[in-house]
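**Student:** First, the structure itself, so that you have it in front of you.
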Amino acid sequence: MQLNLNFSTMSISELSGQEQQRRDSLQKLRDLGINAYPAELFPVNSYANELKSDFEDGKQVILAGRMMSQRIMGKASFAELQDSTGRIQCYFNRDELCPGEDKTLYNEVFKKLLDLGDFIGIEGRLFKTQVGEISVHVDHFHLLAKSLKPLPLPKTDAEGKVYDAFTDPELRYRQRYVDLVVNPQVKETFIMRSKAMNSMRNFFNERGYLEVETPILQPIPGGAAARPFVTHHNALNIPLYLRIANELYLKRLIVGGFDGVYEFAKDFRNEGMDRTHNPEFTVMEIYVAYKDYNWMMEFTEQMIEQVAQDVCGTSEISVGGKAISLKAPFQRVTMRDAILEHTGFDIQGKTEDELRAACEQLGIPTDPSMGKGKLIDEIFGEKCEGNYIQPTFITDYPKEMSPLCKEHRENPDLTERFELMINGKEVANAYSELNDPIDQRERFEEQLRLSEKGDDEAMFIDQDFLRALEYGMPPTSGMGIGIDRLVMLLTDNSSIQEVLFFPQMKPEVFEKKGPELTENEKIVFDILSKEKSMDLNALKERSGLSNKQWDKSIKGLSKHGLTKVTKTDDALTIDVVG
RNA sequence: GAUUCCGUAGCUCAGCUGGUAGAGCAAUACACUUUUAAUGUAUGGGUCCUGGGUUCGAGCCCCAGCGGGAUCACCA
Numbered sequence: 000m001q002l003n004l005n006f007s008t009m010s011i012s013e014l015s016g017q018e019q020q021r022r023d024s025l026q027k028l029r030d031l032g033i034n035a036y037p038a039e040l041f042p043v044n045s046y047a048n049e050l051k052s053d054f055e056d057g058k059q060v061i062l063a064g065r066m067m068s069q070r071i072m073g074k075a076s077f078a079e080l081q082d083s084t085g086r087i088q089c090y091f092n093r094d095e096l097c098p099g100e101d102k103t104l105y106n107e108v109f110k111k112l113l114d115l116g117d118f119i120g121i122e123g124r125l126f127k128t129q130v131g132e133i134s135v136h137v138d139h140f141h142l143l144a145k146s147l148k149p150l151p152l153p154k155t156d157a158e159g160k161v162y163d164a165f166t167d168p169e170l171r172y173r174q175r176y177v178d179l180v181v182n183p184q185v186k187e188t189f190i191m192r193s194k195a196m197n198s199m200r201n202f203f204n205e206r207g208y209l210e211v212e213t214p215i216l217q218p219i220p221g222g223a224a225a226r227p228f229v230t231h232h233n234a235l236n237i238p239l240y241l242r243i244a245n246e247l248y249l250k251r252l253i254v255g256g257f258d259g260v261y262e263f264a265k266d267f268r269n270e271g272m273d274r275t276h277n278p279e280f281t282v283m284e285i286y287v288a289y290k291d292y293n294w295m296m297e298f299t300e301q302m303i304e305q306v307a308q309d310v311c312g313t314s315e316i317s318v319g320g321k322a323i324s325l326k327a328p329f330q331r332v333t334m335r336d337a338i339l340e341h342t343g344f345d346i347q348g349k350t351e352d353e354l355r356a357a358c359e360q361l362g363i364p365t366d367p368s369m370g371k372g373k374l375i376d377e378i379f380g381e382k383c384e385g386n387y388i389q390p391t392f393i394t395d396y397p398k399e400m401s402p403l404c405k406e407h408r409e410n411p412d413l414t415e416r417f418e419l420m421i422n423g424k425e426v427a428n429a430y431s432e433l434n435d436p437i438d439q440r441e442r443f444e445e446q447l448r449l450s451e452k453g454d455d456e457a458m459f460i461d462q463d464f465l466r467a468l469e470y471g472m473p474p475t476s477g478m479g480i481g482i483d484r485l486v487m488l489l490t491d492n493s494s495i496q497e498v499l500f501f502p503q504m505k506p507e508v509f510e511k512k513g514p515e516l517t518e519n520e521k522i523v524f525d526i527l528s529k530e531k532s533m534d535l536n537a538l539k540e541r542s543g544l545s546n547k548q549w550d551k552s553i554k555g556l557s558k559h560g561l562t563k564v565t566k567t568d569d570a571l572t573i574d575v576v577g
């Protein structure tokens, strides 16, 4: 029946007015014989920013990008073109673009059928307007790709004040492509991220270390204490884990004879999400043979300074309004001294009970499952960590916290481990790596006992890794650095979501708006279709619906275009349309 | 997980003690040959996140849910 006709066109009526207009423009372009999505390459030879920095009057240029604004003044117009480097103004003159009688290209195509956001290609020459704005005098333009959805359009005035900024975090993260188009500083953040990784890569390559790749799907998720994601391999019919770290594989490569290996690795942890944690994140880990953690501290501080130079152009950065100097060397403080300084308590030689008592005294909650290492870690995390704004190496961690780290050469309760703290947060973590296979096996067994006590993050025993160590691993120092957190520092962002292109979010629900009438709408429509025309109140009586349900239903029917309400002097009448 | 705030036009946001949904930009039409948040005139544009409830009447009040932000807790 007739209903079907109405409903079949519904998907089109779901479009906003502006979306519909753009589709109409697209059709008109096609009617004019213009392909809105041409296949051939466009021979770009210039970019907005370099044209502005190296102005050369009259230079012939070909460039392409999105048209982001249009100022039409009769026979002449200005438009802004945004390419990957920035924006440049373009000048369109009707009688130059259309020298003959036919002004369609300017009057119709440029002025009416092009929309903001469309990709166009420009051929023209550089000049400066009377106001001094560097612009391209357009000789020819080509539609390269039509945009069917209107972009948000932030505007900046002469004083640099931004209006109508696209700021809603949900929309920005879910539609990062839009965020990147309209928010230049967002793009800059990700360019800096790429520079940081390139800088580190260069730093390592110059020293002869090898970039490698190791498995992401691991039968035993080792190298860290964390809950993994599990998946299943069909052909092998075994569970596989997404890696929580790549440490054990990189050490196997040192066993195999490489002097230095590093990997930029995506790790995965099935834990909470907040402004500093995303379920997948990027870590750089590097292992260098014949070195210890003292060497690694020097290596790390040099690397950080170099990265800051390459990314920010300076080692003096500002984070959340605080000035931080990333110039090497960094301060070194043992964990014992750090705790002594900030609490007055000396952890040296203390028993578990004494440590627990100290925690109570400091107001730090404890529970019976915490061992010595955990208690010390709590004190440090609670009372010390936040104080290290300037880069500081905290060294010599308790043994229980570090099952893969070599025992300290002077104190068997400690390990040769450091963490680099910047802005009160951990940025890097490094060891003199444990290479004694017998000691390593005992440490794993200790982890197993923790696991049996209910610690679901205790490490698994990796027998193959132990076998590798038994063949012999040279003394080695390893270091891991959280790339996301480092980039947060360098770009002065306090949320990890700002430095990930696509932070994890709950899946978006794309509502399917069914063409079906709701039950209530059907009830109302059935009554009405028998009568064709009714008094509104009479219909409401007959329907027996509550006020709210009645209201929804009657609005829904009008929306579907099935009914029409007309107002006479003192009554409302409803009719079936058509 | 707890607390708290938010969800209204394509975008940014108003919306009074509950009384027929507003502005700027964007869009449409017209004018305008070096403008620049261009300007002037006119016009169109809404599932007020969803579902219940209270009410003669809900964008607003109540309940439940969805999504997001912030803070805290947990966790490397």
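The C-terminal residue of the first sequence carries number 577 in numbering that gives the first Met the number 0, and the numbering is unbroken. Using N, Cα and C, we set each Cβ at its ideal position, and we do this for glycine too.
Would you identify the three-state DSSP class for Thr394, choosing helix, strand or coil?
**Tutor:** Thr394: strand per DSSP, three-state reduction.
**Student:** On the CB-based measure, 16 or more other CB atoms within 10 Å of its CB, does Val130 come out buried or exposed?
**Tutor:** Flag for Val130 reads exposed.
**Student:** Given Gln446, which residues of its chain have a CB within under 7 Å of its CB, disregarding the five upstream and five downstream residues?
**Tutor:** Excluding residues within five positions, the ones whose Cβ falls inside 7 Å are Pro402, Ala457, Met458.
**Student:** Going straight from the alpha carbon of Lys127 to that of Gly57, what length do you get?
**Tutor:** Going by the C-alpha atoms only, they are around 9 Å apart.
**Student:** Hey, Leu209 and Phe257 are a contact pair by Cβ (cut 8 Å); roughly how many whole angstroms apart?
**Tutor:** Between Phe257 and Leu209 the Cβ distance is about 6 Å, and since that is below 8 Å, they are a contact.
**Student:** How close, in whole Å, do the beta carbons of Lys452 and Ser314 come, if the pair is a contact with beta carbons under 8 Å?
**Tutor:** So it is not a contact: roughly 45 Å between Cβ atoms.
**Student:** Report yes if the C-beta distance between Ile285 and Ile338 is below 8 Å; otherwise report no.
**Tutor:** Not closer than 8 Å, so no.
**Student:** Under 6 Å Cβ to Cβ from Gly479, same chain only, skipping five residues before and after it: list those, please.
**Tutor:** Only Val282, Glu284, Asn428 meet the Cβ criterion.
**Student:** Should Glu432 be labelled buried (16 or more other beta-carbon atoms within 10 Å of its own) or exposed?
**Tutor:** Buried, because 16 or more other Cβ atoms sit within 10 Å of the Cβ of Glu432.
**Student:** Scan the stretch 227-274 and note each continuous beta strand (DSSP E) run of 3 residues or more that stays entirely inside, going in chain order.
**Tutor:** Entirely contained in the stretch 227-274, the beta strand (DSSP E) runs reaching 3 residues are, in chain order, 229-232, 237-241, 259-267.
**Student:** Going by C-alpha distance, which of Val185, Ser450, Arg173, Gln389 is nearest Phe505?
**Tutor:** Residue 505 is actually Lys in this sequence, not Phe. Here the closest residue by C-alpha is Arg173.
**Student:** Please work out which residues of its chain come closer than 6 Å, Cβ to Cβ, to Ala288, disregarding the five sequence neighbours upstream and downstream, and give them in chain order.
**Tutor:** Same-chain partners within the cutoff: Ile253, Asp258, Pro473, Thr475.
**Student:** Ends of the alpha helix (DSSP H) at Gln360?
**Tutor:** Gln360 -> alpha helix (DSSP H) spans 351-361.
**Student:** Touch check for the stretch 144-157 and the stretch 78-98: three-plus C-beta pairs under 8 Å?
**Tutor:** No, the stretch 144-157 is not in contact with the stretch 78-98.
**Student:** Ends of the beta strand (DSSP E) at Lys127?
**Tutor:** Residues 118-127.
**Student:** Please determine, among Glu399, Met420, Asp395, the residue with the shortest C-alpha to C-alpha distance to Arg408.
**Tutor:** Nearest of Glu399, Met420, Asp395 to Arg408, Cα basis: Asp395.
**Student:** Exposed or buried, what is Val229 when buried is set at 16 or more other beta-carbons lying within 10 Å of its beta-carbon?
**Tutor:** Its Cβ having fewer than 16 others within 10 Å, Val229 is exposed.
**Student:** State the DSSP-derived secondary structure class of Arg70, mapped to helix, strand or coil.
**Tutor:** Arg70: strand per DSSP, three-state reduction.
**Student:** Going by DSSP, name the residue or residues bridged to His141.
**Tutor:** Answer is Gly120.
**Student:** In whole angstroms, what separates the C-alpha of Glu444 from that of Lys321?
**Tutor:** C-alpha separation (whole angstroms): 44 Å.
**Student:** Check this for me: beta carbons of Met67 and Leu115, under 8 Å apart or not?
**Tutor:** Yes, the pair counts as a contact, with Cβ atoms nearer than the cut-off.
**Student:** Quick check: what's the CA-CA separation for Ile69 versus Thr166?
**Tutor:** Here residue 69 turns out to be Gln, not Ile, going by the sequence shown. When rounded, the distance between both Cα atoms is 23 Å.
**Student:** Assign Gly370 to one of three DSSP states: helix, strand, or coil.
**Tutor:** The answer is coil: DSSP assigns Gly370 none of H, G, I, E or B.
**Student:** Going by DSSP in three states, Gly16 sits in which element: helix, strand or coil?
**Tutor:** Looking at Gly16 - three-state DSSP - the assignment turns out to be helix.
**Student:** Name the one or two DSSP bridge partners that Asp94 has.
**Tutor:** Paired residues: none, contrary to the question.
**Student:** Alpha carbon to alpha carbon, what distance is there between Asn410 and Asn293?
**Tutor:** About 16 Å.
**Student:** State the Cα-Cα distance for the pair Arg226 and Asp266, rounded to the nearest angstrom.
**Tutor:** Using only the alpha carbons, I get a separation of about 11 Å.
**Student:** Run the CB neighbour count on Leu112, radius 10 Å, all protein chains shown included, and call it buried at 16 or more, exposed below.
**Tutor:** Buried, because 16 or more other Cβ atoms sit within 10 Å of the Cβ of Leu112.
**Student:** If you measure from the CB of Glu13, is any heavy atom of the ligand SAM nearer than 7 Å?
**Tutor:** The ligand SAM is not part of the structure shown, which contains no ligands of any sort.
**Student:** Is there contact between the stretch 295-313 and the stretch 479-492, where contact requires at least three CB pairs shorter than 8 Å?
**Tutor:** In short, these stretches touch, since the Cβ pair count reaches three.
**Student:** State the Cα-Cα distance for the pair Phe77 and Ile71, rounded to the nearest angstrom.
**Tutor:** About 6 Å.
**Student:** Which residue from Lys424, Thr188, Ile243, Pro328 puts its Cα closest to that of Ala224?
**Tutor:** Ranking the options by Cα distance to Ala224, first place goes to Ile243.
**Student:** Can you name the start and end residues of the beta strand (DSSP E) that Val287 belongs to?
**Tutor:** That run of the beta strand (DSSP E) goes 279-288.
**Student:** Just to confirm the assignment, what range does the alpha helix (DSSP H) spanning Asn204 have?
**Tutor:** 183-205 is the span of the alpha helix (DSSP H), which, as asked, contains Asn204.
**Student:** What residues in its chain sit with their C-beta under 8 Å from that of Asp163, if we drop five residues either side in the sequence?
**Tutor:** Cβ within range, chain order: Pro151, Leu152, Pro153, Lys154.
**Student:** With distances taken from CA atoms, which of Phe140, Asn386, Arg171 is nearest Gly64?
**Tutor:** When only C-alpha atoms are compared, the closest one is Phe140.
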